[in-house]
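Input: a single structure, listed below in structure tokens.
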Amino acid sequence: MRPRPPINGRGIFSGTGLVITALAATVVALLVPLWSYAGRQDPASANVLSAQTVTTPYGPLSAQDRDFVTKVRLAGLWELPAGELAQRKGTTPAVRTAGQHLVDGHTSLDAHVRTVATQLGLALPNEPNEQQKQWLAALNAADGQDFDRRFAGLLRLAHGRVFSLVAQVRAGTQNSLVRDLADDANATVLDHIKVLEATGYVDFAVLAEDLAASATPVPTPPQVDPSAAVPVTPSPGETYSLPPAAASPPPATSSP
Numbered sequence: 584m585r586p587r588p589p590i591n592g593r594g595i596f597s598g599t600g601l602v603i604t605a606l607a608a609t610v611v612a613l614l615v616p617l618w619s620y621a622g623r624q625d626p627a628s629a630n631v632l633s634a635q636t637v638t639t640p641y642g643p644l645s646a647q648d649r650d651f652v653t654k655v656r657l658a659g660l661w662e663l664p665a666g667e668l669a670q671r672k673g674t675t676p677a678v679r680t681a682g683q684h685l686v687d688g689h690t691s692l693d694a695h696v697r698t699v700a701t702q703l704g705l706a707l708p709n710e711p712n713e714q715q716k717q718w719l720a721a722l723n724a725a726d727g728q729d730f731d732r733r734f735a736g737l738l739r740l741a742h743g744r745v746f747s748l749v750a751q752v753r754a755g756t757q758n759s760l761v762r763d764l765a766d767d768a769n770a771t772v773l774d775h776i777k778v779l780e781a782t783g784y785v786d787f788a789v790l791a792e793d794l795a796a797s798a799t800p801v802p803t804p805p806q807v808d809p810s811a812a813v814p815v816t817p818s819p820g821e822t823y824s825l826p827p828a829a830a831s832p833p834p835a836t837s838s839p
């Protein structure tokens, strides 16, 4: 019988060590890619994010936030004068009441948006955009019930458009000042929608078509029976002039 070779302790441990080392190397090779890419952001995405969102003491300020602040200011620049026209030219108490609500609401909301813009260091427009100028021109040219119809139709359309934007901004903004402004705008716009509908001149079928359109010119006012008007009690107040925005408001110096 052939003798069994002697057991070499060093040989056994050396072989075992080689196996363990190989396994460890395999594990490291598998894990290194995970460690390298965990938490990493795509460079292109990071550049887009940094270009659209800026840091403020009140939280991140996105491009949508800045657009919202501008649109709130623009709304006041034409809807407040439109409300003053309704107070002077409206043929029914409900139309004049709606005008009073627009004046009161946008006077307060415009003061709020100018304060927010100053704190965030944002410049604001000082005049309505081209479409809003067209709408004001249409209201200036109209009289009697034609004015009432145009006023209710145009203003209800404009408020319907901004109402959805307010909800979107309020749901997603990370900036506390923009969030407060959206709360104020939501209450103001909803009040205006209700009093405009109370005039009885809002054609909801036409309104739905206009809201669905990507760009709407000055619409033809629908022929709504004025007997459907529902008067509401006007809120107390007086007519105010709209103060201009600073061209370049200084940045905020105090923390929230």
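Heads up, the sequence shown is in this note's numbering, so the first residue is 584 and it goes up one at a time.
Ideal Cβ positions, reconstructed from N, Cα and C, are used throughout, including at glycine.
Here the structure is a predicted model, which means the values were calculated and not measured.
- request: Give me whichever residues DSSP pairs with LEU644 in a beta bridge.
  value: VAL637
message: Am I right that ASN758 and ASP650 are in contact with their C-beta atoms under 8 angstroms? What's the rounded C-beta distance?
response: 13 angstroms between Cβ atoms; not a contact.
task: Take ALA791 as the anchor and find which of ALA741, LYS777 and PHE730 has the nearest alpha-carbon.
output: ALA741
query: Under the rule that 16 or more other beta-carbon atoms within 10 Å means buried, what is ALA828, buried or exposed?
result: With a pLDDT of only 41 at ALA828, under the threshold of 50, the placement of this residue in the model should not be trusted; the figure read from the coordinates follows. By the neighbour-count rule (16 or more Cβ atoms within 10 Å), ALA828 is buried.
- prompt: Counting Cβ pairs, one atom from each stretch, are 3 or more of them under 8 angstroms apart for the region 688-699 and the region 761-768?
  reply: yes
field: 8 angstroms contact criterion, which GLU662 and LEU738 should meet: CB distance rounded
entry: 7 angstroms
task: Report the option in TRP718, LEU644 and THR771 whose CA atom is closest to the CA atom of GLN683.
output: THR771
Proximity winner among LYS716, PHE787, TYR784 and LYS777, relative to LEU657 (alpha-carbon distances): LYS716
- prompt: Which word fits ALA706, buried or exposed, when buried means at least 16 other C-beta atoms lie within 10 angstroms of its C-beta?
  reply: exposed
message: Once the 5 residues before and after THR782 are set aside, which same chain residues still bring their CB inside 6 angstroms of it?
response: ALA677, VAL678, ALA681, ALA735 and ALA812
- prompt: When you compare only the Cα positions, how much space is there between GLU710 and ALA768?
  reply: 19 angstroms
message: Just verifying my parser: in three-state terms, what is the DSSP assignment at GLN728?
response: helix
message: I need the DSSP call for PRO800, collapsed to helix, strand or coil.
response: Only weak support is given to the placement of PRO800: the predicted model assigns it a pLDDT of 43, under 50, and the value that follows is read from those uncertain coordinates. Looking at PRO800 - three-state DSSP - the assignment turns out to be coil, as it is neither helix nor strand.
- prompt: Does the beta-carbon distance from GLY666 to LEU692 come in below 9 angstroms?
  reply: no
- request: Leaving out five residues on either side along the sequence, give the residues of the same chain with a beta carbon under 8 angstroms from the beta carbon of THR636.
  value: PRO643, LEU644, SER645 and ALA646
Short Cβ contact (9 angstroms threshold) for VAL745 with VAL655: yes
- prompt: Do ALA720 and LYS672 have their C-beta atoms within less than 9 angstroms of each other?
  reply: no
query: Per DSSP, what kind of secondary structure is PRO708 in: helix, strand or coil?
result: coil
Cβ-based burial, ASP731 [other Cβ within 10 Å; buried from 16]: buried
Cβ neighbour criterion (16 or more within 10 Å) applied to ASP687: buried
field: Straight-line Cα distance separating GLY727 from GLY785
entry: Sequence inspection shows Val at residue 785; the Gly mentioned does not correspond to that position. Each residue's alpha carbon lies about 16 angstroms from the other.
query: Ordered along the chain, which non-local residues of its own chain (more than five positions away) have a Cβ less than 8 angstroms from that of VAL749?
result: PHE651, ALA765, ALA768, ASN769 and VAL772
- request: Tell me whether THR756 is buried or exposed, calling it buried when 16 or more other Cβ atoms sit within 10 Å of its Cβ.
  value: buried
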